[in-house]
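**Student:** Plus 59 on top of the position in the sequence shown (first one is 1) and you've got the numbering used here.
Glycine included, every Cβ here is placed at the ideal spot set by N, Cα and C.
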Amino acid sequence: MLVSFPFLRNADLQEKDTIDDGTFNLGEKSGKGAFPVSHQFGWHGGVHLVAPGAPSDPEPVRAIADGEVVFARHSDPMPLNSDSAEVQAAHPLLYYTGWTSNGVMLIKHQTEIGEGVGVTFYSIY
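See the structure below:
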C-alpha cells in the first residue's frame with residue numbers, strides 16, 4: 060500500500076528528494092483551534108488543512124491511501140457570517156463567527172504489515 064500526503068505537488072525533475080517542499084507544514088493554519096485541545100479548552104478531533112493555492116485555486120485533497128468509503132455526509136451550505144445570536148443559534152458550527160464544515164468522509168484502509176499479518180485503519184476527511 061502506498062501512503063501519501065493529502066496534497067501532492069507536481070514533480071519537478073530538477074528537484075532533489077531532500078528539498079523541503081512544505082508538506083510537513085500542512086498542519087493547523089486557521090488559527091482557530093489546536094489538536095487535540097482547542098484554544099477554548101474543548102476537544103478538537105483534528106487539524107485544519109489549507110490546500111495549496113487556496114482560496115483562489117485550491118488543489119483537491121486526496122485520500123492518504125487506497126481504501127473504501129464507508130461513510131460520507133455532504134456539508135451544509137455556508138451561512139452568511141453574522142454576529143447575530145439568532146443566526147449563530149440556528150447554525151451551531153458558526154459559534155465563533157467563523158465557519159466549520161459539517162461534511163465528512165470516512166475511509167477504511169486494509170493492508171498487510173508482514174506475511175499473513177493484516178491491519179485495518181481508518182482516515183477521516
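Taking only the alpha-carbon atoms, compute the straight-line gap between residue 169 and residue 143 and give it to the nearest angstrom.
**Tutor:** Your numbering for residue 169 matches position 110 in the sequence shown. Your numbering for residue 143 matches position 84 in the sequence shown. Rounded to whole angstroms, residue 169 to residue 143 spans 46 Å at the Cα level.
**Student:** May I have a chain-ordered list of the beta strand (DSSP E) segments no shorter than 3 residues that lie completely inside the region 123-180?
**Tutor:** With a minimum length of 3 residues, the continuous beta strand (DSSP E) runs that stay inside the region 123-180 are 127-132, 163-173.
**Student:** Is the Cβ-Cβ distance between residue 108 and residue 96 less than 8 Å?
**Tutor:** Position 49 of the sequence shown, counted from the start, is the residue given in the question as residue 108. Position 37 of the sequence shown, counted from the start, is the residue given in the question as residue 96. Cβ distance not < 8 Å, so residue 108 and residue 96 don't count as in contact.
**Student:** Would you kindly work out how many angstroms separate the C-alpha atoms of residue 67 and residue 123, rounded to a whole number?
**Tutor:** Position 8 of the sequence shown, counted from the start, is the residue given in the question as residue 67. Position 64 of the sequence shown, counted from the start, is the residue given in the question as residue 123. Spanning the two alpha carbons is a distance of roughly 10 Å.
**Student:** Using the rule of at least 16 other Cβ atoms within 10 Å of the residue's Cβ for burial, across every protein chain shown, is residue 166 buried or exposed?
**Tutor:** Position 107 of the sequence shown, counted from the start, is the residue given in the question as residue 166. Burial call: buried.
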